[in-house]
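Quick notes on the structure that follows.
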Amino acid sequence: MPRPLPETGVAWDALKPRMAEYASGDVRWREGKTAVYVFNAGPEIERVQREAYALFQSENGLGPAAFPSLKRMEEEVVGFGLELLHAPEGASGVITSGGTDSITMAMKAARDYARKGKCVSGPLNIVIPRSAHPAFDKAAALMEIEVRRIALRDYLADAAAMGAAADAATVMIVGSAPNFPYGLIDPIGELSELALTRDLWLHVDACVGGYLAPFVRMNGADIAPFDFALAGVRSISADLHKYGYAAKGASTVFFRAQALQQFMVFDFQDWPGGRMVTPTLAGTRPGGAISAAWAVMNVLGVAGYREKQAQVVAAREKIQAGAEALGFQVLGRPQLGLMAFRHPDADALGLWAKMRERGWFTSLTTEPRSLHLMLSPFHLQVADAYLADLAWALAEVKGAAAPAGVEARYS
Ligand SMILES: *Cc1c(COP(=O)(O)O)cnc(C)c1O
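Numbering (our numbering), first residue to last: 349 to 759.
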């Protein structure tokens, strides 16, 4: 709807309370009652994000020659990620605006690698597990690539079935570490074998786990190899603005070799503005997203991340045990901060709606219908409160039919 801009400007001091008023209907995530959308590592990290972002909020990562500061911070952040994900010498990566950007650009690189590197012509496809993120479909829609979503086995990617679905026109196969709907790490080792045997491009979507799983493993969990330690993995997406606890607008995409990343770069000069080389989907790249990621990573360090991620896992284990004691069944064997769980006698939509009445804003898994949590360090402090409300909600809806008008939807 068109709306006239205020004729004269409004003083910032007068606007501030209006913004607070606008926010009065938002979920109260700082109280820990939201387990989707926001990653809450506490007020100290939030302050680092805000101050570091502000320092470079006007600078533009599009111009590394003008802003060697941002280039340096990006290289250091990318280096941290490559090291954490066992990248070999010669591996490379960049900061993007988010997981969707990272996935889209990895697919663009794989597509161009197939077209230019391997001279594949005609229609192309990708082969992904049913649990893979919709970002792959979005990118495929943009590039007119067919998506073959393959049924899961025990909520995990079925490497054999994916192999059967792949052919000479397959530009990418995908495994998630972990997938979003169940929070489970796909058998990346099997997918890596498949990729090596068939010369396929394996992308690991570690958007939500890339900065979580390495530290959970350091803390002693038995996490199977899922990253560049597996020779078949060619690219990885890992979001800084999720369990990296960076400000929003920051992800990383990594390639086993610089030569593969070259297929991602867009290099153009057939216009009057001179040559423009962009590494990612963006033109202008917000400096603040880069500086905030750099600052948070350096403030936390390995010890800080290990501590935060231990809290995430402790929150998940506590809620898992409490939910199981109430008769809930957890789907698969989650090892990180996400889980899906359902009750044989209570519909998940009904439970979800009841929990919402008590202020909990969480998500849902649809196959099978389950409650879904994506936990932050802060949730350890509210796990008991969550379980008490879950017991209440269960008593309220046990045996009842699914409520009308409730939908699992993220928009
Ligand atoms: C969040 C997520 C994405 C997409 O990332 P955005 O930053 O939301 O664009 C992709 N894959 C998985 C597994 C995710 O959890």
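C-beta atoms are modelled at their ideal positions from N, C-alpha and C, and glycine is treated no differently.
Run through the stretch 426 to 473 for me and flag every whole beta strand (DSSP E) of 3 or more residues, listed as ranges in chain order.
440 to 444
Nearest to Pro416 (by Cα), restricted to the options Gly635, Gly390, Ala641 = Gly635
Please state whether DSSP places Val386 in a helix, a strand or coil. coil
From Val660, Pro365, Gln405, pick the residue whose C-alpha is nearest to that of Ala641; which is it? Gln405
Quick check: the Cα distance between Lys666 and Asp732, rounded to an integer number of angstroms?
8 Å
Worksheet item: Cα separation between Ala605 and Thr518?
Response: 20 Å
Who does Ala694 pair with in a DSSP beta bridge?
His691
- Query: How about Ile451: is its Cβ closer than 7 Å to a heavy atom in ligand 1?
  - Reply: yes
Return yes when the C-beta of Thr448 is under 7 Å from any heavy atom of ligand 1, and no when it is not. yes
**Study point:** Euclidean distance between Cα positions of Ala669 and Ala696
**Key:** 18 Å
Take the Cβ of Val396 as the centre, count every other Cβ of all protein chains shown within 10 Å, and call the residue buried at 16 or more, exposed below. buried
Item to check | Straight-line Cα distance separating Ala487 from Gly631 | outcome: 18 Å
message: Within a Cβ cutoff of 8 Å, which residues of the same chain sit near Asp587, ignoring the five residues on either side of it in sequence?
response: Gly446, Gly447, Ser450, Cys555, Val556, Gly558, Tyr559, Ala598, Ser599, Thr600
Just checking Cys467 against ligand 1 - is the residue's beta carbon closer than 7 Å to any of the ligand's heavy atoms? no
Which one of Ser724, Ile638, Met453, Val678 has the shortest CA to CA distance from Asn408?
Ile638
Practice item. Give the range of the alpha helix (DSSP H) segment to which Asp732 is assigned. Key: 731 to 745
| said: Assess contact between the stretch 520 to 537 and the stretch 559 to 578, defined as three or more Cβ pairs (one per stretch) separated by less than 8 Å. Is contact present? | reply: yes
task: Mind checking who Ile476 pairs with in its DSSP beta bridge?
output: Arg497
Open item on the list: Let's see if you can read the secondary structure: which residues bound the alpha helix (DSSP H) around Phe574?
Closed with: Note, Phe574: premise wrong, no alpha helix (DSSP H); not H, not E.
Quiz item: Beta carbon of Val601: closer than 7 Å to some heavy atom of ligand 3?
Solution: What this structure holds is ligand 1, not ligand 3.
* Which residues does DSSP pair with Met624 in a beta bridge? -> Phe616
Practice prompt. Return the CA-CA distance between Arg706 and Asp737, expressed in angstroms with no decimal places.
Written response: 7 Å
Measure the C-alpha to C-alpha separation of Ala543 and Phe574 and round it to an integer number of angstroms. 13 Å
Which residues in the same chain have their Cβ closer than 6 Å to the Cβ of Ala509, if we skip the five residues on either side of it in sequence?
Ile498
Item checked: Gly675 vs Ala750 beta-carbon contact at 8 Å -> no
* May I ask you to verify whether the stretch 481 to 496 touches the stretch 612 to 629, counting CB pairs closer than 8 Å and requiring at least 3? => no
Would you say the beta carbon of Ser724 comes nearer than 7 Å to a heavy atom of ligand 1? no
* Does the stretch 617 to 626 come close enough to the stretch 356 to 368 that 3 or more CB-CB pairs lie under 8 Å? -> no
| query | So, is Trp360 buried or exposed, given that buried needs 16 or more other C-beta atoms within 10 angstroms? | reply | exposed
Tell me whether Val519 sits in a helix, a strand or coil according to DSSP, three-state version. strand
(request) Below 8 Å CB to CB, which residues in the same chain sit around Gln729 once its five sequence neighbours on both sides are set aside? (result) Gly380
task: Classify Lys364 as buried or exposed, calling it buried when 16 or more other Cβ atoms lie within 10 Å of its own Cβ.
output: exposed
Discussion item. Please tell me whether, using a cut-off of 7 Å, the distance from the CB of Lys419 to the nearest non-hydrogen atom of ligand 1 is below it.
Written reply: no
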